[in-house]
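Novice: One structure follows; several queries about it will come next.
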Amino acid sequence: MKLLLSPASPYARKVWLAAAELGLADRIETLNASASPVADNPELSALNPLGKIPVLVTDDGQALYDSRVIADYLDSLTPRRLCPADGPARWTVQTLHAAADGLLDAALLARYEEALRPEPLRWADWRQGQGEKIRRVLDLLEAADLKAGDDARICDIAAACALGYLDFRFAAEPWRDSRPRLAAFFEAFTRRPAWALSDPARAA
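In terms of UniProt numbering, the sequence shown is residues 1 to 204.
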């Protein structure tokens, strides 16, 4: 399998961590691919018309995207499940996964606003709105029963990647101050062996 990614992408980090937790990392060749909201990468767009990463090319040549689809596919390859196959627990995990990805979506949009949009065109209310989404999801995750051990699920991986992205791109965001349970979860998760190997700061 081949995984097209950017080392700084939190979505790609989530997929790689999922592969590592499932024992699949050594079956995946990682290939750097640039993705931009304002410039097309024809090689990437040929696989994903949205022009986004990550993209997983399976052994039979099928291109899979986005990160949630890829994670679900990887989950189907081994007996170790990152998400229950059915029942209420599946929907709890999937909903928390969606919330963590939504936090990432808001953080990425905020980053685009601050780093890519010309200053005269920046929209303060837009940036504030993304910040409010981030804070609401952080409060949700604070109350959630997140797992940082060998029983970690895809929602836990996604939450850790979202928090890691906040530390990477928004280091001044004091998300830990009123969320001790979430801070303890993240501290524990960052001690997992694969975490340091996927650190975007290594390639940024």
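C-beta: ideal position from N, C-alpha, C; glycine also. If you're wondering where the values come from, they're calculated on a predicted model, not measured in any experiment.
1) Looking at residue 197: is its Cβ nearer than 8 Å to the Cβ of residue 138?
2) Taking the DSSP output, what are the residues bridged to residue 56?
3) Please report the straight-line C-alpha distance between residue 80 and residue 113, rounded to a whole angstrom.
4) In whole angstroms, give me the CA-to-CA distance for residue 155 and residue 56.
5) Whose C-alpha, out of 92, 24, 88 and 50, is nearest the C-alpha of residue 59?
6) In this structure, how does DSSP classify residue 43 when only helix, strand and coil are distinguished?
7) Would you check if the distance between the CB atom of residue 133 and the CB atom of residue 102 is smaller than 8 Å?
8) Who are residue 29's beta bridge partners in DSSP?
9) Between 129, 127 and 22, which has its C-alpha nearest residue 74's C-alpha?
Specialist: Based on what the coordinates show:
1) With contacts defined by Cβ atoms closer than 8 Å, residue 197 and residue 138 do not form a contacting pair.
2) Residue 56 is bridged to 3 and 64.
3) Residue 113 has its alpha-carbon roughly 39 Å from the corresponding atom of residue 80.
4) Each residue's alpha carbon lies about 19 Å from the other.
5) Of 92, 24, 88 and 50, the residue nearest in Cα terms is 24.
6) Per DSSP, reduced to three states, the secondary structure at residue 43 is helical.
7) It is a contact, given that the beta carbons lie within the stated cut-off.
8) Bridge partners of residue 29: 2.
9) Considering only 129, 127 and 22, the residue with the shortest C-alpha distance to residue 74 is 22.
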